[in-house]
Structure formats: C-alpha cells, structure tokens
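Counted the way this note's numbering counts, the sequence shown spans residues 798 to 942. Where a beta carbon is used, it is the ideal one built from N, C-alpha and C, also for glycine. Worksheet: the structure to be examined is printed underneath.
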Amino acid sequence: MRLALFSLVLTVILNAQLYEINRLESTLFSKKSLDLKSVTLSLVLEGGDLVVNQLKIQDALNILISSYYVEDLMTSKGKESFKESLIKFIKEKYHIHLSNIYFKELRLTNPPIEIDELIERLKREGCCQGKSKIKDLFNQTKNPQ
Numbered sequence: 798m799r800l801a802l803f804s805l806v807l808t809v810i811l812n813a814q815l816y817e818i819n820r821l822e823s824t825l826f827s828k829k830s831l832d833l834k835s836v837t838l839s840l841v842l843e844g845g846d847l848v849v850n851q852l853k854i855q856d857a858l859n860i861l862i863s864s865y866y867v868e869d870l871m872t873s874k875g876k877e878s879f880k881e882s883l884i885k886f887i888k889e890k891y892h893i894h895l896s897n898i899y900f901k902e903l904r905l906t907n908p909p910i911e912i913d914e915l916i917e918r919l920k921r922e923g924c925c926q927g928k929s930k931i932k933d934l935f936n937q938t939k940n941p942q
C-alpha cells in the first residue's frame, strides 16, 4: 500500500511542469484616479501540460487581469484573489490544472511622456519661456552632434 501511494505521489510530482511568464505588460484602470495605469507582471505557474497549452494560459491571463483594478493587484489580498481566480478560470475554460501560481514581479510602469505633454507641465510650473527653445534643447540631448 505504501509503495502504491509513493508511486502515485511521485508520478504527480514528475508530471508537474513550471511555465514562466516574464514581463507581461498590461494597462489597468485605477479606482482612485479613474485613468489607466501600466503594470508589468512576471509569474511562474505550476501544473500539468502547461507548455503545450501556453497560448490558452496567456489568453486566460490577459482576459482575467483586465478585470482587476491596479490598486487591488498591489495588495496581498488582491494577489491571492487573482491567483485563485486564474486557477479557477483556466480550469473551467480550458480544463488545465494549475497547482500553484507564484508572483515574481508586479510593478507599476510609467509610459513615456511625450515632449508636448512635458512642455505643458513645465509651463504650468513656470519653468519655460518658449516651446521652440525647449524642443531644440530636447532634440540636442537626443541627437548630440
């Protein structure tokens, strides 16, 4: 009996796979400011047949992450809720078993500021005299001669 149980446990362990999702970028709504925030997410998934089903897993991840607010994902409770929801969603939709999900990275990322937006911000603070002078200065730093 012990040998049969050991064999079953060993088979389950050997069939488990790890699948890494590195630096997935997504845009989520913010509860506080009602605008969009960019996040970068890296996960490690553990389960069976993950490599074969990577497109299905990425699809489920993209669908599910967009249903969360950025503030919710940044909390421990939100991360645990996300993990549970992803495991359940993938199991119901694609019949793929995930045993664990591990967060490697979750951070807010800022999109690059356009030069015109930067100039407007500087003007509001009284830091610049003319748009053309600033654009010339910006272009010189981008393309030094």
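On the three-state DSSP scale, how would you describe V841? Residue 841 sits at position 44 when you count from the first residue of the sequence shown. Of the three classes helix, strand and coil, the one that applies to V841 here is strand, per DSSP.
Distance check for V867 and H894, CA to CA, integer angstroms please. Against the sequence shown, residue 894 aligns to sequence position 97. Against the sequence shown, residue 867 aligns to sequence position 70. Between H894 and V867, the alpha-carbon positions lie close to 26 Å from each other.
Under a Cβ-count criterion, where at least 16 other Cβ atoms within 10 Å of its own Cβ denotes burial, should N907 be classed as buried or exposed? As a working note, residue 907 is residue 110 in the sequence shown. It is exposed - the Cβ of N907 has fewer than 16 other Cβ atoms within 10 Å.
Over the uninterrupted alpha helix (DSSP H) stretch that includes E881, give me the two end residues. Against the sequence shown, residue 881 aligns to sequence position 84. From DSSP, the alpha helix (DSSP H) with E881 extends over S873 to Y891.
Taking the alpha carbon of L838 as the point to measure from, which residue in S827, L847, A857 and L870 has its own alpha carbon closest? Counting from 1 along the sequence shown, the entry for residue 838 is found at position 41. Answer by Cα proximity: L870.
Closest Cα partner of S863 within the set I898, Y816, L821 and R918: Stepping through the sequence shown from its first residue, residue 863 is reached at position 66. Nearest option by C-alpha distance: L821.
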